[in-house]
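Data block below; observations after.
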Amino acid sequence: MSMHPLRKLLMQVSGILFVVLIWEIATGVLHLFKPIILPAPDEVLTAAIGLAGTGQLFEDAGWSLLRVLLGFVVAAAVAVPVGVAMGWSRMASYVVDPVIEILRPIPPIAWIGLAILWFGLGINSAIFLVFIGAFFPIVLNTIAGVRNVDKKLIEVAYTFGAGDFEVLRKVVIPAALPVIFTGLRVGMGIGWMCVVAAEMLNPQHGLGDLIWSASSFAQTDQVFVGMISIGILGLLINQLFQIAGDRIFAWQKGISKGGEE
Numbered sequence: 074m075s076m077h078p079l080r081k082l083l084m085q086v087s088g089i090l091f092v093v094l095i096w097e098i099a100t101g102v103l104h105l106f107k108p109i110i111l112p113a114p115d116e117v118l119t120a121a122i123g124l125a126g127t128g129q130l131f132e133d134a135g136w137s138l139l140r141v142l143l144g145f146v147v148a149a150a151v152a153v154p155v156g157v158a159m160g161w162s163r164m165a166s167y168v169v170d171p172v173i174e175i176l177r178p179i180p181p182i183a184w185i186g187l188a189i190l191w192f193g194l195g196i197n198s199a200i201f202l203v204f205i206g207a208f209f210p211i212v213l214n215t216i217a218g219v220r221n222v223d224k225k226l227i228e229v230a231y232t233f234g235a236g237d238f239e240v241l242r243k244v245v246i247p248a249a250l251p252v253i254f255t256g257l258r259v260g261m262g263i264g265w266m267c268v269v270a271a272e273m274l275n276p277q278h279g280l281g282d283l284i285w286s287a288s289s290f291a292q293t294d295q296v297f298v299g300m301i302s303i304g305i306l307g308l309l310i311n312q313l314f315q316i317a318g319d320r321i322f323a324w325q326k327g328i329s330k331g332g333e334e
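If you count by my numbering, then the sequence shown holds residues 74 to 334, one letter each, in order.
Here's what the structure looks like:
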């Protein structure tokens, strides 16, 4: 039984309001923290309005979003074909898997030095770090999605005379898409973490630069503005992924409901 959308929205908003209420009581009523440690919600809101009024907040958010999207697109364009090849071909898996397993444990932030040496201090280094962060969840989910396709579907396709490439294109990839989509969603989230770290250590506009610059001048209210902006943008992008997934894979829900009935 699905929950009414309005009720679901109210429940989600109530959690945020509860956190803000506790925050306000701790800072504005009880004054448990100095503003430089934890500013009150109204101070953060005032700072956000000021940054939005000058256009800096939107400019920084736009730069961060651009870097994330570019790095994510490159990661998806490389990781999905590699994952499909590794999931479909054991030989490809034997060759590529050791390389991926060696590189995967290296945290994206460890690549910052090489990113600056290879791509300089511009946008390319941030795009590269987003690529590194997003690549591995996408490729691993793609491999899992391809390998977990129902073997009966593949056998039926071969029975009807389909060739390897046709089976891969018309049966395996469509069946694996939900898992691949999950990898894309996770990759986008990790990409956000990577771009903010890149902007903080290599400040050239962006929300990470906003946070780092504000912290250098003890402007904690602006630090919170940058952090909350990252959270809101991440939430919005995740919601877009969820809406797109619900529409793209609506046929699967229909099959699931039909089976339950």
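Ideal Cβ positions, reconstructed from N, Cα and C, are used throughout, including at glycine.
Residue i burial status per 10 Å Cβ neighbour count (16 or more: buried)
i: E272; result: buried
i: R258; result: buried
i: T232; result: exposed
Which listed residue (the options) has its alpha carbon closest to that of residue i
i: P181; options: F233, S137, G260 and R163; result: G260
i: K243; options: F254, G160 and I227; result: I227
i: F145; options: M266, T293, V298 and R320; result: M266
i: V157; options: V252, L308, V296 and S302; result: V252
i: L241; options: V117, G281 and K224; result: K224
i: Q277; options: G135, L176 and A121; result: G135
i: E116; options: V222, A235, V296 and Q85; result: V296
i: V141; options: F192, W285, G206 and A113; result: G206
i: K154; options: G101, V203, F208 and A120; result: Reading off the sequence shown, one finds Pro at residue 154, where the question assumed Lys. Residue F208 is the option with its Cα nearest to P154.
i: I303; options: I321, A249, L283 and L313; result: L283
i: V172; options: V212, I301 and G307; result: V212
i: Y167; options: D237, L139, F204 and I216; result: I216
i: F204; options: G262, V219, L111 and L118; result: G262
i: L143; options: R320, V268 and I95; result: V268
Per-residue DSSP class, three states only, for residue i
i: L250; result: helix
i: V157; result: helix
i: G186; result: helix
i: S162; result: coil
i: A270; result: helix
i: P108; result: coil
i: V219; result: helix
i: R177; result: coil
i: L309; result: helix
i: A152; result: helix
i: F131; result: helix
i: A317; result: helix
i: F209; result: helix
i: G279; result: coil
i: F233; result: coil
i: A323; result: helix
i: A145; result: The question names Ala, but residue 145 in the sequence shown is Phe. Of the three classes helix, strand and coil, the one that applies to F145 here is helix, per DSSP.
i: L82; result: helix
i: M94; result: It is worth fixing the name first, because residue 94 is Leu in this sequence and not Met. Helix.
Would you call the segment 161-178 in contact with the segment 121-129, where contact means no fewer than 3 C-beta pairs closer than 8 Å?
In this structure the segment 161-178 does not lie against the segment 121-129, because fewer than three pairs of beta carbons, one per stretch, are closer than 8 Å.
Report yes or no: do the segment 149-169 and the segment 285-293 share at least 3 C-beta pairs separated by less than 8 Å?
no
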